[in-house]
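The sequence shown begins at 0 in numbering that gives the first Met the number 0 and counts up one residue at a time. Glycine included, each C-beta is placed from N, C-alpha and C at the ideal position. The model shown is predicted, which means the values in this text are computed figures rather than measured ones. Following: one structure in structure tokens, then a few remarks.
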Amino acid sequence: MTIDFTAIDFETANGSPASACAVGLVRVRGGTVVERATWLIRPPLAHDVFLPFNVQLHGISRELTRSAQTWEAQLPALLDFCGNDVLVAHNARFDIGVLLASSLATRAALPPLTYFCSLRLARRSYELHSYRLPVAAAAAGFTTLVHHDPVSDAEASAAVVSDTARRFGATDLASLAALQGVPIERIELERERELAATLTAAATFA
């Protein structure tokens with residue numbers, strides 16, 4: 000089974016998708032996790048207000064990120080970890096939106112990227128009362144989730160993809176996408192940047 004991808008998860012300081020304050024990355028080869036990475040991010044100015052609701056969810060505060068790298072400083076390491084992999088995330092539109100909006104807010108360049116949504120996959124593959132990440136991850140056999148810890152969330156979304164690939168006999172991510180009717184999507188940079196700009200403007204904290 001050649002199920003290769005990188006799972007990604009962001010935490011944000013507030014409602015702005017440009018307010019990334021942490022990232023978790025999990026590299027999967029042959030359906031097995033082979034490497035994990037996580038680090039804090041200092042959100043850009045105008046997106047750096049830490050709302051109590053968000054802090055309560057993930058435990059990350061302004062003080063914790065004060066000495067962290069900025070978005071544009073850490074982006075090369077993030078992209079290097081991902082390489083040419085398809086990016087997997089649970090509710091991928093959120094995480095890809097963070098990637099785009101944060102890059103837009105800091106004028107950081109992004110290469111062409113592809114992504115795959117484990118939430119959409121879970122809805123096509125499991126019969127559950129909810130498809131939130133903790134429930135979908137448990138269905139996939141991942142029972143050690145620390146929700147809103149970004150690397151744990153990334154590994155949980157990876158578990159959903161690897162488990163469904165085994166269940167349905169998929170030989171690679173493309174065949175899994177075809178079997179379950181969940182497309183591997185390509186980021187259309189101009190269209191996606193327009194969306195990210197709209198979302199960012201609506202949630203900017205000046």
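Distance between W38 and D8, taken at the CA atoms: about 11 angstroms.
Rounded to whole angstroms, the separation of the alpha carbons of A155 and F4 is 13 angstroms. The beta carbon of T113 sits closer than 8 angstroms to the beta carbons of V85, L86, I183, E184, R185 and I186 from its chain, once the five residues preceding and following it are set aside; these are given in chain order.
The residue among T11, C116 and H128 with its C-alpha nearest the C-alpha of G58 is T11. Between D152 and L132, the C-beta gap is smaller than 8 angstroms, which places the two residues in contact. By the Cβ criterion, the stretch 45–62 is not in contact with the stretch 71–83, since fewer than three pairs of Cβ atoms, one from each stretch, lie closer than 8 angstroms. Taken in chain order, the complete beta strand (DSSP E) segments of 3 or more residues contained in the stretch 45–94 are 86–88.
Judged by beta-carbon spacing, L24 lies beyond the 8 angstroms limit of R41, meaning their Cβ atoms are not closer than that value.
For the pair L144 and Q179, the Cα-to-Cα distance works out to about 25 angstroms. Take S161, set aside five residues on each side of it, and the residues of its chain with a beta-carbon closer than 7 angstroms to its own are I2, V27 and G30, in chain order.
In the structure shown, D148 falls within a coil segment according to DSSP collapsed to helix, strand and coil. Residue pairing for A139: DSSP places it in no beta bridge.
Residue burial is scored here from C-beta neighbours: R106 has fewer than 16 other C-beta atoms within 10 angstroms and is therefore classed as exposed. Annotation for L109: S102 place their beta carbon closer than 6 angstroms to its own, counting only its chain and skipping 5 residues before and after. Closest in alpha carbon position to R119, among F141, P111, L175 and N83, is L175.
Nearest in C-alpha terms to A157, of all of C20, V33 and A19, is V33. Distance check between F80 and each of V22, H89 and A91 places V22 closest, using alpha-carbon atoms only. For R28, the uninterrupted beta strand (DSSP E) run begins and ends at A19 to R28, by DSSP. Between A19 and W70, the CB-CB gap stays under 8 angstroms. Membership of R41 in any beta strand (DSSP E) is not indicated, and neither H nor E is assigned to it by DSSP. Looking from the CA of D94, the closest CA among F115, P111 and V181 belongs to F115. Taking a C-beta distance under 8 angstroms as the contact criterion, H46 and A88 do not qualify as a contact pair.
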